[in-house]
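To convert a position in the sequence shown, counted from 1, into my numbering, add 14.
We treat Cβ as the ideally placed atom computed from N, Cα and C, and that holds for glycine.
For reference, the structure is listed below as structure tokens.
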Amino acid sequence: MSRDGDARSLEAARELREAAAALVTRHAAAEDVLRRRAAALEADLRRLQGSLAGLDPSTVDKVEEDLGRAKVAITDSDVASFLPSKRNGKFLMKFIGPVNVRVARKEDRLKIKDEYNNYRAWLLFLYTSFALRENVLIVNGSDIRPWWIYHHYLAMVMTLVSLTWEIKGQPDCSSKQKGVQLFLRWAIMQGIAMHLQNRYQRQRLRTRIALGKAKRMDVVAGETAGVEGQLLLLYPVLFVLQVVVCGILLVVMAVGNFVNATETLILKLRFKAKMKRAKSRQDHPHQN
Numbered sequence: 015m016s017r018d019g020d021a022r023s024l025e026a027a028r029e030l031r032e033a034a035a036a037l038v039t040r041h042a043a044a045e046d047v048l049r050r051r052a053a054a055l056e057a058d059l060r061r062l063q064g065s066l067a068g069l070d071p072s073t074v075d076k077v078e079e080d081l082g083r084a085k086v087a088i089t090d091s092d093v094a095s096f097l098p099s100k101r102n103g104k105f106l107m108k109f110i111g112p113v114n115v116r117v118a119r120k121e122d123r124l125k126i127k128d129e130y131n132n133y134r135a136w137l138l139f140l141y142t143s144f145a146l147r148e149n150v151l152i153v154n155g156s157d158i159r160p161w162w163i164y165h166h167y168l169a170m171v172m173t174l175v176s177l178t179w180e181i182k183g184q185p186d187c188s189s190k191q192k193g194v195q196l197f198l199r200w201a202i203m204q205g206i207a208m209h210l211q212n213r214y215q216r217q218r219l220r221t222r223i224a225l226g227k228a229k230r231m232d233v234v235a236g237e238t239a240g241v242e243g244q245l246l247l248l249y250p251v252l253f254v255l256q257v258v259v260c261g262i263l264l265v266v267m268a269v270g271n272f273v274n275a276t277e278t279l280i281l282k283l284r285f286k287a288k289m290k291r292a293k294s295r296q297d298h299p300h301q302n
């Protein structure tokens, strides 16, 4: 009786496996068809968008509005998952490799966006996670200005550099000294120090292995040969250039924030003007 039950279970497992394989095959074929249709439609929209210059100025706004609605209909729905995906940027490639982070369902993409908006964490971890999530959002079709990602890259570097600021001296800057002290107490994990230390130790270990003084499984001891040049480079970065580097990064971020905020305001004003013109045409359809 047990043997018959085992045979039936084995047969049921085989049938389930074959049914699952057939379903996956049909799903892949249907997905390929939808992907080709979505790509063709996107190409048609780009072609029509490029031909607006030759239209009558009185109809350009209406055609542009219709094209915008059509674009939103495919990019802000489940159709977006069938559009050609953007490649993972260098940041994503460095941290997670060539992993496909494209999300198929619209609800899941919106969850990523909601999670990104609600995400708050420690200073260094915050900027790193923001940059990672923004790259994932871009791959999934979110319209994020590239500057904000570069802004978080710079903020990450600034945070790492500021961890090594010296707090003694400058008696007239008591507020700054107190702030730096609190910041250093709060920022326990000194990312830049860990990175430089890891790089330094790897160089020392390679030197010892090359000299035959250590095995591949040994840890770093007291050998310092071959790293003097690296120390000459790292010392000013750690103890001399912190204020200069952070000052430059702050200026770059301030300029970038101002430029992008201004561009956003200009785009909003243009959109409002376009909506007013469209509403005016609806209120006076027989004008002109």
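- In this structure, DSSP gives Ser91 a state outside helix and strand, which the three-state scheme calls coil.
- Look at Ser65 here: in three-state DSSP terms it is coil, with no helix or strand label.
- When DSSP states are grouped into helix, strand and coil, Val113 belongs to the coil group.
- Less than 8 Å divides the Cβ of Asn102 from the Cβ of Val153.
- A contact between stretches requires three or more CB pairs, one per stretch, nearer than 8 Å, and the region 64–71 fails this requirement with the region 100–117.
- Between the C-alpha atoms of Arg291 and Arg83 there is a straight-line separation of about 17 Å.
- Between Leu97 and Glu45, the C-beta spacing is not below 8 Å.
- Contact check for Glu78 and Leu66: beta-carbon distance about 6 Å, within the 8 Å limit, so the pair qualifies.
- Residue burial is scored here from C-beta neighbours: Leu281 has fewer than 16 other C-beta atoms within 10 angstroms and is therefore classed as exposed.
- When the beta-carbon positions are compared, Ala52 and Val93 come within less than 8 Å of each other.
- Secondary structure at Gly82: helix, using DSSP grouped into helix, strand and coil.
- In the three-state reduction of the DSSP assignment, Ala118 falls in the coil class.
- Annotated as distal: Lys120 and Ser143, with beta-carbon spacing of 8 Å or more.
- In the structure shown, the three-state DSSP call for Gly103 is coil.
- Relative to Thr278, the option among Pro160, Asn149, Asp75 whose CA is nearest is Pro160.
- When rounded, the separation of the alpha-carbon atoms in Val265 and Tyr164 is 14 Å.
- Contact check for Lys288 and Asp75: beta-carbon distance about 6 Å, within the 8 Å limit, so the pair qualifies.
- For Arg49, the closest alpha carbon among the candidates Arg213, Gly64, Ala118 is that of Ala118.
- Leu146 sits close to Phe105, with the two beta carbons spaced by under 8 Å.
- For Asp46, the secondary structure class from DSSP, reduced to helix, strand or coil, is helix.
- In this structure, the alpha-carbon of Thr276 lies about 14 Å from that of Phe285.
- Counting the other CB atoms within 10 Å of its CB gives Glu25 a total below 16, which places it among the exposed residues.
- Using a 10 angstroms sphere on the CB of Arg22, the tally of other CB atoms stays under 16, which defines it as exposed.
- Of the candidates Asp122, Leu151, Leu124, Trp162, Trp162 places its Cα closest to the Cα of Tyr141.
- Closest in alpha carbon position to Asp122, among Arg31, Arg295, Val150, Val47, is Val150.
- Around the beta carbon of His166, 16 or more other beta carbons lie within 10 angstroms, which makes this residue buried.
- By the neighbour-count criterion, in which a residue is buried when 16 or more other Cβ atoms sit within 10 angstroms of its Cβ, Glu148 is buried.
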